[in-house]
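0 is the number of the first residue of the sequence shown in numbering that gives the first Met the number 0; add one for each residue after it. Worksheet: one structure, shown below.
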Amino acid sequence: MKNYYYLKCLCIVALFSGYSYAQKENQPPNIVIIFTDDQGYSDVGVFGAKGFNTPHLDAMATEGMKFTDFYVGSSVCSPSRAALLTGSYPQRVGIPQVLFPERLNTAWDPSQRSTKTGIHPDETTLPEMLKANGYATGAFGKWHLGHHKQFLPLQQGFDEYVGLPYSNDMRPGKKKGKNPYPALPLMNGNKVERFMDDDQSMLTTTYTERAIDFIHRNKDKPFFVYLPHSMPHIPLYASEKFKEHSEKGIYGDVIEEIDWSVGQINKTLKDLGLDENTLVIFTCDNGPWLIFGEHGGSADPLREGKFTTFEGGQRVPCLMKWPNVIPKGTVCHEIASTLDLLPTIASITGSTLPTNKIDGHNIQDLISGKVGAKSPTEDFFFYRGWNLEAVRSGHWKLHLPHQYNKVVESDSGNVHGRKGSKAEIALSLFDLSVDPGETTNLANRHPDVVKTLIAKIEEMKKELGDSEETGAGKRASGWQKDYEAWPLVNN
């Protein structure tokens, strides 16, 4: 009889344990995307960093998955962010170039569309998709998809926003032509919380603290945190706790503080018992700004960096962690990109995909470590502005002839120590499996591969165009039709 009651108790415990587990299984996962600015491919410990340490990012690789062949949609800021948040090539959504704020003391020029454009309201963004599925959504950091009210985060699916509306160097004193930029605002929602002075040393800490506060307040429901750090985009600032902390100087200090931020986010999730039901993704918007030398990062062993369609411009470090779903300590060598995040997150959260055509693919099989899983991306295209310059298909990458700004060493003696020099690449084929630095042109040895990839490029031109063609699949960006005075004021 005693054994009977013992077995009965075990069954009851098992029943309720199963019920609890089923509840947890039915709870959609939280999503956290940490997105840095201008961080190089090798600027993380597990990717080969030198002169600074990233223990918290390295722990993500140990606890989750490292992606070696992960791409962003552009080698510059605004288009790259458009790609992440829409799952589309930037050219499809009409944001192929960097957006700038209006400058003071100048008449508005209607030809300068970049000052008045932003993400189109008809685009379904990642936060809009998740919000429709009951998620709380918060963005804390650099936006750069339009600074007028209709383009700001609260109008694009975020419940909360704190951050800079564009790059941290777009500020008074940083001139382009004759006119200075307006005051650099730290936004809170659609309002200016304060204007930034010349000290941005608390910016990384501020973003981190606001994101953690959001997680605490939304711990009982599914949430999406988008944490796009303003740095290591220049100008570089670190808080007192990280100043002169690394061997590499201010750049290393900045990366170590970002690493601290990653650790704080992951610690918060664990302390609240949320880590096992949260997908955390770390990556960055494009390659390093090499011309800034000691104040820039490294893309080693890749070629070039920001502003180019070489691997150093668009292949970036990526780490993903999701306990019990992503196998620990795994490495993925398949092609993946930020374009894939939206459809993948739609799949794992049970959210409805946008009705507009997107370019990304569901990579759930890759992140779950499914045996034999292959990338659903057959071809990845590289645009600079409206110019289609290259394509990767499997391990092959073909560059069409194009000019680029090659970064070379300088004897100027300044801290940057580098300068740009115009260069041109001829039709070139590279085998990235053995030559990720794109050093050996194999076009003459494999004319059949060249022919196949050129045909793929021609098809893509029909879809999204290039400088000489208008693609049938392009959509318009948002457009501020009526000129208004500088809108970032409290009124």
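Heads up, the beta-carbon is just placed ideally off N, CA and C, and yes, glycines get one too.
Does the Cβ of residue i have 16 or more other Cβ atoms within 10 Å, making it buried, or fewer, making it exposed?
i: F66; result: buried
i: N265; result: buried
i: D358; result: buried
i: P109; result: For P109, the predicted model reports a pLDDT of 42, less than 50, meaning its position is unreliable; a value from the coordinates is still stated below. P109 is exposed by the Cβ-count criterion.
i: V71; result: buried
i: Q402; result: exposed
i: E101; result: buried
i: Q111; result: Low per-residue confidence applies at Q111: pLDDT is 46, beneath 50, and the placement is therefore not dependable, though the value from the model is reported in the following sentence. Exposed: under 16 other Cβ atoms inside 10 Å.
i: Q495; result: Since the displayed the chain opens at 0 and closes at 490, residue 495 lies outside it and no answer follows.
i: S400; result: Note that residue 400 is Pro in the sequence shown, not Ser. When all chains shown are included, P400 counts as exposed.
i: A345; result: buried
i: T469; result: exposed
i: W485; result: With a pLDDT of only 43 at W485, under 50, the local geometry of the prediction cannot be trusted, and the value read off the model is given with reservation. Exposed is the call here.
i: T451; result: exposed
i: N104; result: In this predicted model, N104 has a pLDDT of only 48, less than 50, meaning its place in the structure is not dependable; the value taken from the coordinates is given anyway. Counting Cβ neighbours within 10 Å, N104 comes out exposed, since fewer than 16 surround it.
i: S420; result: exposed
i: E303; result: buried
i: G371; result: exposed
i: E437; result: buried
i: G328; result: exposed
i: A425; result: exposed
Considering only residues of the same chain and omitting the five flanking positions on each side of residue i, which have a CB-CB separation below 8 Å?
i: R474; result: R91, V92, G93, H119, D121, E122 and N355
i: T348; result: P27, P28, I30, L129, N132, Y134 and P221
i: Y88; result: G72, A82, L338, D358, F380, Y382 and L463
i: G472; result: R91, K356, E462 and L463
i: S19; result: With a pLDDT of only 30 at S19, under 50, the local geometry of the prediction cannot be trusted, and the value read off the model is given with reservation. For S19, where only same-chain residues beyond five positions count, there are no Cβ hits under 8 Å.
Between residue i and the rest of its own chain, which residues show a CB-CB distance below 7 Å, the 5 nearest in sequence each way excluded?
i: H360; result: D339, P342, P375 and T376
i: T282; result: F34, F69, V315, P316, C317 and T337
i: H332; result: T67 and D68
i: G477; result: T116, G117, I118, H119, P120, G145, Q149 and F150
i: G47; result: S41 and D299
i: L428; result: W395, L397, N440, L441, A442, H445, V448 and V449
i: K218; result: L271 and L273
i: D430; result: H394, W395 and L441
i: F306; result: S74, V75, G312 and N404
So, at 6 Å on beta carbons, what are the nonlocal neighbours of residue i in its own chain, with the 5 sequence-adjacent residues on each side left out?
i: A106; result: Confidence at A106 is low in this model, with a pLDDT of 45, below 50, so its placement is unreliable and the value that follows should be read with caution. The answer is none, since no qualifying residue turns up.
i: I249; result: L235
i: L487; result: For L487, the predicted structure reports a pLDDT of 46, less than 50, and the residue's modelled location is therefore unreliable. The matter cannot be settled from this model.
i: G295; result: P287, W288 and L289
i: A21; result: The pLDDT assigned to A21 is 32, lower than 50, so where the model puts this residue is not dependable; a value taken from the coordinates is nonetheless given after this. Same-chain partners within the cutoff: there are none.
i: V43; result: T53, L56 and P316
i: A210; result: F139, V224 and L226
i: K247; result: G50 and F51
i: Q38; result: P231, C283 and G296
Candidates the options: which alpha carbon is nearest residue i's?
i: S432; options: L301, T348 and V406; result: L301
i: S466; options: G50, W385 and S420; result: W385
i: V261; options: K320, S350, E303 and P152; result: K320
i: P435; options: K405, A335, E310 and I456; result: E310
i: F194; options: V161, P221 and I280; result: V161
i: E62; options: M230, G371 and T277; result: T277
i: H55; options: T207, Q263, H244 and P78; result: Q263
i: P179; options: F99, P353 and E408; result: F99
i: L83; options: F51, Q38 and I32; result: I32
i: E256; options: Y206, V370 and D196; result: Y206
i: P164; options: D252, P152 and G156; result: P152
i: Y225; options: N187, L268, D196 and L125; result: L125
i: P221; options: I453, K130, G371 and F51; result: K130
i: G156; options: S166, E127 and N167; result: E127
i: V279; options: I453, A60 and A182; result: A60
i: V97; options: N285, K269, A454 and E303; result: N285
i: V45; options: D258, C76, E423 and W142; result: D258
i: D378; options: E208, G188, K455 and W142; result: K455
i: S166; options: A182, E457, D158 and I334; result: A182
i: R417; options: E293, P95 and S245; result: E293
i: D36; options: I334, L352, H228 and A422; result: H228
i: D196; options: N187, E159 and D168; result: D168
Which residues share a DSSP beta bridge with residue i?
i: D465; result: E468
i: I32; result: Y225 and I280
i: P84; result: In the sequence under discussion, the amino acid at residue 84 is Leu, which differs from the Pro named in the question. DSSP lists no partner for L84.
i: H401; result: I424
i: S336; result: Y70
i: N187; result: V161 and K190
i: W395; result: S392 and D430
i: V315; result: F69
i: N386; result: R383
Contact between the segment 196-206 and the segment 234-241 (3+ Cβ pairs under 8 Å) | Yes: the two stretches touch, three or more of their Cβ pairs being nearer than 8 Å.
Decide if the segment 364-374 is in contact with the segment 323-337; the criterion is three or more beta carbon pairs, one per stretch, under 8 Å apart.
-> yes
How do the segment 162-173 and the segment 125-135 stand: do at least 3 beta-carbon pairs fall below 8 Å, yes or no?
-> no
If we count Cβ pairs, one from each stretch, closer than 8 Å, do we get three or more for the segment 379-393 versus the segment 453-465?
-> Taking one beta carbon from each stretch, the segment 379-393 and the segment 453-465 have 3 or more pairs nearer than 8 Å; the two touch.
Are there three or more Cβ pairs, one per stretch, closer than 8 Å when the segment 206-217 is compared with the segment 261-276?
-> yes
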